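Q: Residue numbers (the working numbering): 34 to 351. The C-beta atom is built at its ideal place from N, Cα and C for all residues, glycine as well. Quick caveat, the model's predicted, so the values are computed rather than measured. Structure incoming, see below.
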């Protein structure tokens, strides 16, 4: 089968087209003929072995696929790795049927980015109606969905940040009340100004570095910052506990993997709610680009250069 293989860690240049044997499903697993594979920012970390979980070589990257099982069911699945290929194996417990009328891109957009936005707002920051929510990288896969979910769930004001005029306009189209330049030199002041001079209640942050530091300083008493990525690859400054006490603020981290350790089927609950919002026309996935399988390197280059919006996918049939 055609696949993308990594034999050494590095940047986009290590993503190499290859012919590999078709994987075989073991006990408790399903074999999926992949119609689309999702591309996530985490994949760029996986390629350079800088993610939270370590990778081993050789490796087929890609953690999510949508396609059909041998018995004809159309499913979306989390694979951990192996997604950038014509066929992939997933645990049956990490496989969910796709509702009728939901296209491939939407299905993929829900399983990682949609679920991440759901968990961030529902579990990490416990969004309350009327609160001000800041969504950094608001034109990205998680950001576009977080903006819509925050509005659907009663946020008083949604402040989006993005790096270009087009991306800021997209965030406003999706329901953000204000859009701020992600390159603002003083992000703390920019966020407070965007909230009519008041500190903000919630920040969803995946950039790292000074963006995290300044966003934390923009929080109101009992404000919460949920950190779910580090796109800049620069860690924020260490936080003094006294700083948290000074404004009664909370910092949360979120890695979707931990959802599966919670009691009850949280992922099923999230997907049911997300797909229901899609069916009601209250939530949509922005397709930011569809690449042929052997264009995986270009997809990673575009993603890392912040040239993309919304959800990116690979088409193994091309």
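Along the beta strand (DSSP E) that carries residue 260, what are the first and last residues, could you check?
A: As a position in the chain shown, residue 260 is number 227, starting the count at 1. 252-260 is the span of the beta strand (DSSP E), which, as asked, contains residue 260.
Q: Rounded to whole angstroms, how far is the Cβ of residue 259 from the Cβ of residue 285, which I believe are closer than 8 Å?
A: Here residue 259 refers to the residue found at position 226 of the chain shown. Here residue 285 refers to the residue found at position 252 of the chain shown. Contact between residue 259 and residue 285 is confirmed by a C-beta separation of about 5 Å, below the 8 Å threshold.
Q: For residue 149, does the count of other Cβ atoms within 10 angstroms reach 16, so buried, or fall short, so exposed?
A: As a working note, residue 149 is residue 116 in the chain shown. When all chains shown are included, residue 149 counts as buried.
Q: Which of helix, strand or coil does DSSP assign to residue 317?
A: In the chain shown, counting from the first residue as 1, residue 317 sits at position 284. Three-state DSSP puts residue 317 in coil, outside helix and strand.
Q: Classify residue 56 as buried or exposed, calling it buried when 16 or more other Cβ atoms lie within 10 Å of its own Cβ.
A: Against the chain shown, residue 56 aligns to sequence position 23. So residue 56 ends up on the buried side.
Q: Quick one: residues in its chain with C-beta nearer than 6 Å to the C-beta of residue 49, no 5 flanking neighbours on either side, listed in chain order?
A: For this step, residue 49 is matched to residue 16 along the chain shown. Only 38 meet the Cβ criterion.
Q: Per DSSP, which one or two residues make a beta bridge with residue 284?
A: Here residue 284 refers to the residue found at position 251 of the chain shown. Looking at the DSSP assignment, residue 284 forms a beta bridge with 258.
Q: On the DSSP bridge list, what partners appear for residue 129?
A: As a first step, residue 129 is located in the chain shown; it is residue number 96 there, counting from the start. Answer by DSSP bridge pairing, in chain order: 109.
Q: Look at residue 110 and residue 97 and say whether their C-beta atoms are less than 8 Å apart.
A: Position 77 of the chain shown, counted from the start, is the residue given in the question as residue 110. Position 64 of the chain shown, counted from the start, is the residue given in the question as residue 97. Result yes, Cβ atoms of residue 110 and residue 97 sit closer than 8 Å.
Q: Rounded to a whole number of angstroms, what is the C-alpha to C-alpha distance between residue 114 and residue 346?
A: On the chain shown, position 81 is the one that residue 114 refers to. On the chain shown, position 313 is the one that residue 346 refers to. Distance between the alpha carbons of residue 114 and residue 346: 15 Å.
Q: Assuming residue 101 is part of the beta strand (DSSP E), what are its boundary residues?
A: Against the chain shown, residue 101 aligns to sequence position 68. It spans 97-102 - the beta strand (DSSP E) in which residue 101 sits, taken as one unbroken run.
Q: Enumerate in chain order the residues of its own chain whose CB-to-CB distance from residue 142 is below 6 Å, with the five nearest sequence positions on each side excluded.
A: Within the chain shown, numbered from 1, the residue matching residue 142 stands at position 109. Around residue 142: 318 and 344.
Q: Does the Cβ of residue 60 have 16 or more other Cβ atoms within 10 Å, making it buried, or fewer, making it exposed?
A: Translated into the one-based positions of the chain shown, residue 60 becomes position 27. Label assigned to residue 60: exposed.
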